[in-house]
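Residue numbers (the working numbering): 107 to 257.
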């Protein structure tokens, strides 16, 4: 036995001319509102930091305070950072300059945070009021190269 099923397509109403024009206008409106394509650009940042450290090699001091002093030869400013070391902690490494959001950061006597300004610096670390170690370093000029990628 054969069953006849009416075609679904034949029962659908064809859009009128006004509906077709309206659909085309909506499509053009959506295409006009679409964001245009731009070349990709990257945001970059480069920060130079120097790692300074002190170590009681044989652990003879016990608990002590290490005061790091960094002197900028360009600006003449001194920046300080004090680290308290507990018994059993023989040494510490610090980064100069330290991010000011860090509770312990390198700062001047006026509270100004240190910046990685290009130039020559000298540093020392004092333990129990006496100079334990020291040295010098130079911050280079730091620049970023941005590559634009066109699509």
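All C-beta atoms in this analysis are idealised placements derived from N, C-alpha and C, irrespective of residue type, glycine included.
Bridge partner(s) assigned by DSSP for residue i
{"i": "residue 126", "result": "In the DSSP output, where bridge partners are listed per residue, residue 126 has none listed."}
{"i": "residue 199", "result": "159"}
{"i": "residue 171", "result": "190"}
{"i": "residue 238", "result": "Partner(s): none; residue 238 has no beta bridge."}
{"i": "residue 244", "result": "226"}
Boundaries (first-last residue) of the beta strand (DSSP E) holding residue i
{"i": "residue 184", "result": "184 to 191"}
{"i": "residue 258", "result": "With the chain represented from 107 up to 257, any question about residue 258 goes unanswered, as that position is not in the structure."}
{"i": "residue 254", "result": "Run containing residue 254: none; DSSP gives neither H nor E here."}
Three-state secondary structure assigned by DSSP to residue i
{"i": "residue 150", "result": "coil"}
Within 7 angstroms, strictly: CB atoms of residue i and residue j
{"i": "residue 243", "j": "residue 175", "result": "no"}
{"i": "residue 201", "j": "residue 170", "result": "no"}
{"i": "residue 238", "j": "residue 231", "result": "yes"}
{"i": "residue 229", "j": "residue 241", "result": "yes"}
{"i": "residue 150", "j": "residue 250", "result": "yes"}
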